[in-house]
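**Student:**
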Amino acid sequence: MRILTFTGKGGVGKTSVSAATAVRLSQQGYRTLVLSTDPAHSLSDSFNLSLGAEPTKIKENLHAIEVNPYVDLKENWQAVQKYYTRVFAAQGVSGVVADEMTILPGMEELFSLLRIKRYKSAGLYDALVLDTAPTGETLRLLSLPDTLSWGMKAIKNVNKYIMKPLSKPLSKMSDKIAYYIPPEDAIDSVDQVFDELEDIRDILTDNVNSTVRLVMNAEKMSIKETMRALTYLNLYGFNVDMVLVNKMLDAKEDSGYLENWKKIQQKYVGEIEAGFSPLPVKKLRMYESEIVGLGALERFALDIYGEEDPAAVVYDEPPIKFERSGDIYEVQLKLMFANPSDIDIWVTGDELFVQIGSQRKIITLPISLTGLDPGDAVFKGKWLHIPFDLNRQGKHQNMKEYNKV
């Protein structure tokens, strides 16, 4: 299943681009699902149809869905929620407060991600188009498998080696203890969710079938946010294969009151093409009316892709590489717009930590690099090179933060 994720600053038109892409894919014979993970859904407005928490048929080969996190929460977490509500109730916490306390931060987004794996496994669709929330929320959504990886391992180990072996013997000791022992279906629910989350990371970072496309406007704030988004997406291993600059005024026509605004756009377009190179940059014109309904979306899709296949990967370069030259092994990360002074690097055991601002990537190192200290990291063009000398041994008793890049 080909997965296309569209993201960008709020108001740039990513829902229209997502919907139009899905329409074009369906026209070319792909069984297509367009899925909105934005809490403030506008996909139904774009199609001018009512959409629900399950796929709705729009036309031949095209379905759409607006994810309802509470429906997914009930389906995936009900057994766990029921257990913790019971425990909180025994401590005097009841009603809505107890229910809310059973929901971990980010849980709603997590279950949106789980749908991706399930649709892929079902084999019902050839293409999945993700219409996501504005950039910040999308980064949190896509980075969940990475940020939760340590916690997932810890909880799974507790379940496997402590909870499951001890739950039955302890529950037989007394009714009071049994009341607080989690039932097997709650333990299984936690295991299943975390197992699927690990699979999601592999699906989304499979750069053959899954890519991200950035939608932006030719405005300073939109450009800056898109630059940060690209840096963080590359940090987490997501391949970005296209930039779409939306709502461009026609350079050949008199724009009247907006003539000065057109000049500003043209100035920024040059900066975008130079700054985001070698990524392909598509310029999409400002329409004279709203892009609402199938007819308008079909016209928009034709303007975006022409006779091209929207499912084609138009730029394919892995954002994380492992290269070896003699005894020097390098971890290379494509961080096009990162500020070197914002980057911290350290190693613990077989894990390399790279942090930019509040975003952290954990990279599992090859066995041959375990126990080695990294050398001085340097930028070469738009790539951060972190060298490891295979002849130099180092010890990692505790987490050690290395010099700022």
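Residue 39 in the numbering used here sits at position 39 of the sequence shown, with consecutive numbering throughout. Virtual Cβ for every residue (Gly too), placed ideally from N, Cα, C.
Between the C-alpha atoms of residue 351 and residue 329, what's the straight-line distance to the nearest angstrom?
**Tutor:** Here residue 351 corresponds to residue number 351 of the sequence shown, with the count starting at 1. Here residue 329 corresponds to residue number 329 of the sequence shown, with the count starting at 1. Approximately 15 Å between the Cα atoms of the pair.
**Student:** So, is residue 213 buried or exposed, given that buried needs 16 or more other C-beta atoms within 10 angstroms?
**Tutor:** Translated into the one-based positions of the sequence shown, residue 213 becomes position 213. Counting Cβ neighbours within 10 Å, residue 213 comes out buried, since at least 16 surround it.
**Student:** Would the beta-carbon of residue 6 fall within 8 Å of that of residue 17?
**Tutor:** Locating residue 6 in the sequence shown gives position 6, counting from the first residue. Locating residue 17 in the sequence shown gives position 17, counting from the first residue. Taking 8 Å as the Cβ cut-off, residue 6 and residue 17 qualify as a contacting pair.
**Student:** Count the other CB atoms, across all protein chains shown, that sit within 10 Å of the CB of residue 70; report buried if there are 16 or more and exposed otherwise.
**Tutor:** What you label residue 70 is simply residue 70 of the sequence shown in a count that begins at 1. So residue 70 ends up on the exposed side.
**Student:** DSSP state of residue 400, grouped into three classes?
**Tutor:** On the sequence shown, residue 400 is found 400 positions in, with the first residue counted as 1. Confidence at residue 400 is low in this model, with a pLDDT of 38, below 50, so its placement is unreliable and no value can be given for it.
**Student:** For the pair the stretch 373-383 and the stretch 336-352, tell me if three or more CB-CB distances fall below 8 Å.
**Tutor:** yes
**Student:** Closest to residue 386 by CA distance: which of 349, 357, 367 and 334 is it?
**Tutor:** As a position in the sequence shown, residue 386 is number 386, starting the count at 1. Distances from the CA of residue 386 to each of 349, 357, 367 and 334 were compared; the closest alpha carbon is that of 334.
**Student:** Give the single residue among 203, 327, 26 and 374 whose Cα lies nearest to the Cα of residue 237.
**Tutor:** Counted from its first residue, the sequence shown places residue 237 at position 237. Nearest option by C-alpha distance: 203.
**Student:** Going by CA-CA distance only, name the one from 284, 61, 15 and 124 that's closest to residue 1.
**Tutor:** Within the sequence shown, numbered from 1, the residue matching residue 1 stands at position 1. Comparing Cα positions, the closest option is 124.
**Student:** Within the same chain, show all residues whose beta-carbon is closer than 7 Å to that of residue 13, passing over the 5 residues directly before and after it, in chain order.
**Tutor:** For this step, residue 13 is matched to residue 13 along the sequence shown. Excluding positions up to five away in sequence, the list reads 215, 246 and 247.
**Student:** Give me, in chain order, the residues of the same chain whose beta-carbon lies closer than 7 Å to that of residue 331; leave out the 5 immediate sequence neighbours on both sides.
**Tutor:** Here the question's residue 331 lines up with position 331 in the sequence shown. So the list reads 322, 352, 363 and 386, once near-sequence residues are dropped.
**Student:** Quick check on the burial criterion: 16 or more other C-beta atoms within 10 angstroms. Buried or exposed for residue 242?
**Tutor:** The count along the sequence shown starts at 1 and reaches residue 242 at position 242. So residue 242 ends up on the buried side.
**Student:** Give the secondary structure of residue 301 by DSSP, where H, G and I count as helix, E and B as strand, and everything else as coil.
**Tutor:** Residue mapping note: residue 301 aligns to position 301 of the sequence shown, counting from 1. Three-state result, residue 301: helix.
**Student:** Helix, strand or coil for residue 60, going by three-state DSSP, please let me know.
**Tutor:** Here residue 60 corresponds to residue number 60 of the sequence shown, with the count starting at 1. Residue 60 falls in the coil class under three-state DSSP.
**Student:** Can you give the Cα-Cα distance for residue 356 and residue 384, rounded to whole angstroms?
**Tutor:** Along the sequence shown, read from residue 1 onward, the residue named residue 356 stands at position 356. Along the sequence shown, read from residue 1 onward, the residue named residue 384 stands at position 384. Rounded to whole angstroms, residue 356 to residue 384 spans 12 Å at the Cα level.
**Student:** Using a Cβ-Cβ cut-off of 6 Å (strictly less than) and excluding sequence neighbours within five positions of residue 210, which residues of its own chain qualify?
**Tutor:** Taking the first residue of the sequence shown as 1, we reach residue 210 at position 210. Same-chain partners within the cutoff: 3 and 204.
**Student:** Count the other CB atoms, across all protein chains shown, that sit within 10 Å of the CB of residue 257; report buried if there are 16 or more and exposed otherwise.
**Tutor:** Working through the sequence shown from its first residue, we reach residue 257 at position 257. Exposed.
**Student:** In whole angstroms, give me the CA-to-CA distance for residue 229 and residue 57.
**Tutor:** Position 229 of the sequence shown, counted from the start, is the residue given in the question as residue 229. Position 57 of the sequence shown, counted from the start, is the residue given in the question as residue 57. Using only the alpha carbons, I get a separation of about 32 Å.
**Student:** Near residue 265, which residues of its chain fall below 7 Å by C-beta distance, leaving aside the five closest residues on each side in sequence?
**Tutor:** Within the sequence shown, numbered from 1, the residue matching residue 265 stands at position 265. Closer than 7 Å at the Cβ level, and outside the excluded window around residue 265, lie 218, 248 and 249.
**Student:** What first and last residue would you give for the beta strand (DSSP E) that runs through residue 355?
**Tutor:** Along the sequence shown, read from residue 1 onward, the residue named residue 355 stands at position 355. Unbroken beta strand (DSSP E) run through residue 355: 351-356.
**Student:** Closest Cβ-Cβ distance between residue 116 and chain B: below 8 Å?
**Tutor:** In the structure shown, chain B does not exist; there is a single protein chain.
**Student:** If we ignore side chains and look at the alpha-carbon of each, how far apart do residue 122 and residue 115 end up?
**Tutor:** As a working note, residue 122 is residue 122 in the sequence shown. As a working note, residue 115 is residue 115 in the sequence shown. Distance from the CA atom of residue 122 to the CA atom of residue 115, rounded to whole angstroms, is 10 Å.
**Student:** How far does the alpha helix (DSSP H) with residue 20 in it extend, from its first residue to its last?
**Tutor:** Indexing the sequence shown from 1 puts residue 20 at position 20. Start and end: 14-27.
**Student:** If you draw a straight line from the C-alpha of residue 139 to the C-alpha of residue 60, how long is it?
**Tutor:** For this step, residue 139 is matched to residue 139 along the sequence shown. For this step, residue 60 is matched to residue 60 along the sequence shown. For residue 139 and residue 60, the distance between alpha carbons rounds to 32 Å.
**Student:** Tell me whether residue 348, by its Cβ, gets closer than 7 Å to a heavy atom of the ligand FMN.
**Tutor:** Annotation note on the ligand FMN: not contained in the displayed structure, which lists no ligands.
**Student:** Take residue 282 and list the residues in its own chain whose beta-carbon comes closer than 6 Å to its own, dropping the five residues that flank it on each side.
**Tutor:** Mapped onto the sequence shown, residue 282 falls at position 282. Here the set comprises 244.
**Student:** What first and last residue would you give for the alpha helix (DSSP H) that runs through residue 230?
**Tutor:** Your numbering for residue 230 matches position 230 in the sequence shown. Segment 220-235, the alpha helix (DSSP H) holding residue 230.
**Student:** Output the distance between the C-alpha atoms of residue 30 and residue 52, rounded to the nearest integer angstrom.
**Tutor:** What you label residue 30 is simply residue 30 of the sequence shown in a count that begins at 1. What you label residue 52 is simply residue 52 of the sequence shown in a count that begins at 1. Each residue's Cα considered, the two are about 22 Å apart.
**Student:** Report the residue from 206, 223, 239 and 37 whose alpha carbon sits nearest the alpha carbon of residue 275.
**Tutor:** What you label residue 275 is simply residue 275 of the sequence shown in a count that begins at 1. The residue with the shortest Cα to Cα distance from residue 275 is 223.
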